[in-house]
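So the protein sequences, as listed, match chains A and B. Take the first sequence: its letter number 94 is residue 94 in our numbering, and every next letter is one higher. Position in the second sequence counted from 1, then plus 240, gives you our numbering. Idealized CB from N, CA, C, for every residue including glycine.
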Amino acid sequence: MSRKQLASAALVAAVALATGFVLAGQVRTQLLTPSNQVARHEALVRSVQDLEATNADSRRRIAALRAQIDSLEAQAAQRSASTQELRNQLADLQAHAGLTPMHGPGVEVVLASGVPTPDLTDQTSYLVSYQDVQDVVNLLFAQGAEGISVGGRRITPLSAFSGSEGQVVIDQGPPLTSPLKLTAVGDRNQMEAALADPSVLPDIRARQVEFHLKLTFSGGPDVSLPAYDSSLQIPYVSAG
Amino acid sequence: MSQPVRPASRRPSPRLRGASVWLIALLVALVATVQIRSQAEVERSLAGTDTTSLAFLIDDLHRANDLLDAETADLTGRQAALQSGSAGSADQVLAAEAAHLRAIEGLTPVHGPGVVIVIDAGGLGVLDLQDAINNLSAGGGEAIDVNGHRIVVGVATSQANGSVTVGGEPISPPWTISVIGDPTRLLEVAQLMTQQLRTDRRVRQADYRVETDLAIRSVVSERPYVYAIGS
């Protein structure tokens, strides 16, 4: 083999080697990055699941403690007239705070996400948001609701709504997703009339047309609300 | 005349060629499978919630669980006091719980650290007020007053004849929103809220101030139930 042929072979080998390295690097990047992303995502999902399990346990424990305290207060009230008087006053306050189950005439509203559009600039408007829930809750209270629950979570005087991308978080509960059922006890006729009024809830009405978001409701003679099962702590507030 | 002989070593045998083709095909298939599976796995797992939303969710759940722990500790203490058995301790527990619930339901004046936000604007509607109140409640607010009207969830806020009403009474701009609660979190919310409001063309002024002991004197009127029955 001549020197020229040797040089050509060496050049081809070097180019092949470089191409091999580039290809290997590319394949490694392509394979490792997604698998790292997957691992990170899965770790976050596991954390959420663990925290949600703790959350559910805590809420069960709170509900059990409130039931035990109620029983102890009832026993104490049997022993003293003044305690009985205090207990009667407390019962009304507990009812208004959402700490006791409630039933009566009312409405059930279902909010469900619609259909996404191909428009890439608007990828969330078809989803039920916490603002939608907030708007319906405010409407119902303005129209004679005396108590409301959302997705089985009782609304209290301190309740707040938050969330993102189709997740609705109420107080300390886990995120709720579509479809969401809101139940309200109160002036059934007034609430039904308001929900049927096309001029109220303008944002939801517009998205019903554009994204097929769903808002349905029905009245009932006796609907039920559960008791609140989370925190009512107000550590920064002092009376007086 | 002799036939020219082809050099046998220059061309691989048909068996070797077949094996090479199969080997290359196998490698291509392997790489393609790994690649496609990785991609599918990513798409499947990311289909629900994005990583940033998950991180926010974890933060919210941590805060929620801390609050639930505090509530559990408080209830456990109340249970222990009641289990002590004396009528005096039971009365104390009941009175303390009643005072606590009165504050939550807006039935008594309250005070504590907080922020005061002043928004002067023309054309803001009830949805703007409801958004502001919800943002402040979600951001650590525990007691809220707007222009001398106590706000709790359940107090009707609506729009009538172009003006915003709270509990049936109209409120005129500027809105002065007083909020008692976690001062650190409320400060962040107030900063963000006023920053956003200043970009709104309807808003003439949006400012806030922090108060170490803010007093809210307004109260909500007690409303007996007409329709609801306790279970």
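Contact set for residue 116 (chain A): own chain, Cβ-Cβ below 8 Å, skip 5 residues either direction:
As a working mapping, residue 116 (chain A) is identified with position 116 in the first sequence. Closer than 8 Å at Cβ, skipping near neighbours: 123, 126 and 211.
Alpha-carbon spacing of residue 170 (chain A) relative to residue 90 (chain A), whole angstroms:
Reading the first sequence from its first residue, position 170 is the one you call residue 170 (chain A). Reading the first sequence from its first residue, position 90 is the one you call residue 90 (chain A). Cα to Cα, the separation comes out at about 25 Å.
Any residues in the region 402-422 of chain B with a beta carbon nearer than 7 Å to a beta carbon of chain E? Which ones, in chain order?
Absent from the structure: chain E. Protein chains present are A and B.
Could you check what DSSP says for residue 357 (chain B) in three-state terms: helix, strand or coil?
Translated into positions along the second sequence, residue 357 (chain B) becomes position 117. In this structure, residue 357 (chain B) counts as strand in the three-state DSSP scheme.
Nearest chain A C-beta to residue 430 (chain B) closer than 9 Å, yes or no?
Here residue 430 (chain B) refers to the residue found at position 190 when the second sequence is read from its first residue. No, no contact with chain A.
Strictly below 8 Å CB to CB, what residues from chain A border residue 448 (chain B)?
By one-based count along the second sequence, residue 448 (chain B) stands at place 208. Residues of chain A passing the Cβ test: none, with the nearest at roughly 17 Å.
On the DSSP bridge list, what partners appear for residue 389 (chain B)?
What you label residue 389 (chain B) is simply residue 149 of the second sequence in a count that begins at 1. DSSP lists B:386 as partners of residue 389 (chain B).
Counting contacts by CB-CB distance shorter than 9 Å, is residue 207 (chain A) in contact with chain B?
On the first sequence, residue 207 (chain A) is found 207 positions in, with the first residue counted as 1. Chain B, which has no Cβ nearer than 9 Å to the Cβ of residue 207 (chain A), makes this no.
Residue 403 (chain B): first and last residue of the uninterrupted beta strand (DSSP E) it sits in
Indexing the second sequence from 1 puts residue 403 (chain B) at position 163. 403-406 is the extent of the beta strand (DSSP E) around residue 403 (chain B).
Return the first residue and the last residue of the beta strand (DSSP E) that residue 448 (chain B) is part of.
Start at 1 with the first residue of the second sequence, and residue 448 (chain B) comes out as number 208. Residues 443-456.
Anyone know if the C-beta pair for residue 147 (chain A) and residue 98 (chain A) falls short of 9 Å?
Numbered from 1 along the first sequence, position 147 holds the residue referred to as residue 147 (chain A). Numbered from 1 along the first sequence, position 98 holds the residue referred to as residue 98 (chain A). A distance below 9 Å separates the beta carbons of residue 147 (chain A) and residue 98 (chain A).
Which listed residue (A:39, A:181 and A:82) has its alpha carbon closest to that of residue 112 (chain A):
For this step, residue 112 (chain A) is matched to residue 112 along the first sequence. Selected option, being the one with the closest Cα: A:181.
Terminal residues of the continuous beta strand (DSSP E) containing residue 399 (chain B)?
Residue numbering aside, residue 399 (chain B) sits at position 159 when the second sequence is read from its first letter. Segment 397-400, the beta strand (DSSP E) holding residue 399 (chain B).
Should residue 141 (chain A) be flagged as near chain B, meaning a C-beta pair shorter than 9 Å?
Along the first sequence, one-based indexing puts residue 141 (chain A) at 141. Judged by the 9 Å Cβ criterion, residue 141 (chain A) is in contact with chain B.
Are there 16 or more other CB atoms within 10 angstroms of the CB of residue 283 (chain B), so buried, or fewer, so exposed?
Counted from its first residue, the second sequence places residue 283 (chain B) at position 43. Summary for residue 283 (chain B): the model assigns pLDDT 44, below 50, so the residue's position carries little reliability; its value from the coordinates is reported in the next sentence. Exposed: under 16 other Cβ atoms inside 10 Å.
Reference residue 321 (chain B); option with closest CA among B:307, B:336 and B:308
Indexing the second sequence from 1 puts residue 321 (chain B) at position 81. Among B:307, B:336 and B:308, the Cα nearest to that of residue 321 (chain B) belongs to B:336.
Within 10 angstroms of the Cβ of residue 432 (chain B), are there 16 or more other Cβ atoms? Answer buried if so, exposed if not.
Along the second sequence, read from residue 1 onward, the residue named residue 432 (chain B) stands at position 192. The residue is exposed, with fewer than 16 neighbouring Cβ atoms inside 10 Å.
Please state if the CB of residue 55 (chain A) and the CB of residue 304 (chain B) are separated by a distance shorter than 9 Å.
Counted from its first residue, the second sequence places residue 304 (chain B) at position 64. Counted from its first residue, the first sequence places residue 55 (chain A) at position 55. Contact flag set, yes.
Residue 262 (chain B) classed as buried or exposed, judged by whether at least 16 other C-beta atoms fall within 10 angstroms
By 1-based counting over the second sequence, the position of residue 262 (chain B) is 22. Exposed.
Are the C-beta atoms of residue 469 (chain B) and some chain A residue less than 9 Å apart?
Position 229 of the second sequence, counting from 1, holds the residue named residue 469 (chain B). Cβ-Cβ to chain A under 9 Å: yes for residue 469 (chain B).
Distance between residue 204 (chain A) and residue 419 (chain B) (C-alpha atoms, nearest Å)
Along the second sequence, one-based indexing puts residue 419 (chain B) at 179. Along the first sequence, one-based indexing puts residue 204 (chain A) at 204. Residue 419 (chain B) and residue 204 (chain A) have their C-alpha atoms spaced approximately 29 Å apart.
Option in A:37, A:144, A:74 and A:227 with minimal Cα separation from residue 153 (chain A)
Sequence index remark: in the first sequence, residue 153 (chain A) carries index 153 (1-based). Comparing Cα positions, the closest option is A:227.
Taking 9 Å as the CB-CB cut-off, is residue 236 (chain A) touching chain B?
Here residue 236 (chain A) corresponds to residue number 236 of the first sequence, with the count starting at 1. Interface with chain B (9 Å Cβ-Cβ cutoff): residue 236 (chain A) is included.
Local conformation of residue 222 (chain A) per DSSP, three classes:
By 1-based counting over the first sequence, the position of residue 222 (chain A) is 222. Three-state result, residue 222 (chain A): strand.
How big is the Cα-Cα spacing for residue 286 (chain B) and residue 58 (chain A)?
Taking the second sequence and counting its residues from 1, the one referred to as residue 286 (chain B) is at position 46. Taking the first sequence and counting its residues from 1, the one referred to as residue 58 (chain A) is at position 58. Any reading at residue 286 (chain B) must be qualified, since the residue scores a pLDDT of 36, below 50, and its modelled position is unreliable; no value is offered.
I want to see whether chain A comes within less than 9 Å of residue 363 (chain B), judged by CB atoms only; does it?
By 1-based counting over the second sequence, the position of residue 363 (chain B) is 123. Answer no: the Cβ-Cβ gap between residue 363 (chain B) and chain A never drops below 9 Å.
On a Cα-Cα basis, can you pick out the residue from A:87, A:165 and A:109 that is closest to residue 128 (chain A)?
As a first step, residue 128 (chain A) must be located in the first sequence, where it is residue number 128. For residue 128 (chain A), the nearest C-alpha among the options comes from A:165.
Counting only beta-carbon separations shorter than 9 Å, does residue 312 (chain B) have a partner in chain A?
Position 72 of the second sequence, counted from the first residue, corresponds to residue 312 (chain B). By this cut-off, residue 312 (chain B) is an interface position.
Rounded to the nearest angstrom, what separates residue 374 (chain B) and residue 217 (chain A) at their Cα positions?
Here residue 374 (chain B) is taken as the residue at index 134 of the second sequence, counted from 1. Here residue 217 (chain A) is taken as the residue at index 217 of the first sequence, counted from 1. Those two C-alpha atoms are separated by around 24 Å.
Just the Cα atoms here: how many angstroms apart are residue 334 (chain B) and residue 83 (chain A)?
Residue mapping note: residue 334 (chain B) aligns to position 94 of the second sequence, counting from 1. Residue mapping note: residue 83 (chain A) aligns to position 83 of the first sequence, counting from 1. Each residue's Cα considered, the two are about 8 Å apart.
Rounded to a whole number of angstroms, what is the C-alpha to C-alpha distance between residue 410 (chain B) and residue 387 (chain B)?
In the second sequence, counting from the first residue as 1, residue 410 (chain B) sits at position 170. In the second sequence, counting from the first residue as 1, residue 387 (chain B) sits at position 147. Their Cα atoms are separated by approximately 10 Å.
I want to verify the contact list: residues of chain A whose CB lies under 8 Å from the CB of residue 348 (chain B), in sequence order.
As a first step, residue 348 (chain B) must be located in the second sequence, where it is residue number 108. Those are 239 and 240, listed as they occur along chain A.
Does DSSP put residue 103 (chain A) in a helix, in a strand, or in coil?
As a first step, residue 103 (chain A) must be located in the first sequence, where it is residue number 103. In the structure shown, residue 103 (chain A) sits in a strand (DSSP, three-state: E or B).
Around the Cβ of residue 157 (chain A), are there at least 16 other Cβ atoms within 10 angstroms (buried) or fewer (exposed)?
In the first sequence, the residue the question calls residue 157 (chain A) occupies position 157. Its Cβ being crowded by 16 or more others within 10 Å, residue 157 (chain A) is buried.
The region 386-401 of chain B / the region 447-455 of chain B touching (three or more Cβ pairs under 8 Å)
no
Please go through the same chain and pick out, in chain order, the residues whose beta-carbon is closer than 7 Å to the beta-carbon of residue 347 (chain B), but skip the five residues on each side of it.
Mapped onto the second sequence, residue 347 (chain B) falls at position 107. Excluding residues within five positions, the ones whose Cβ falls inside 7 Å are 459, 460 and 462.
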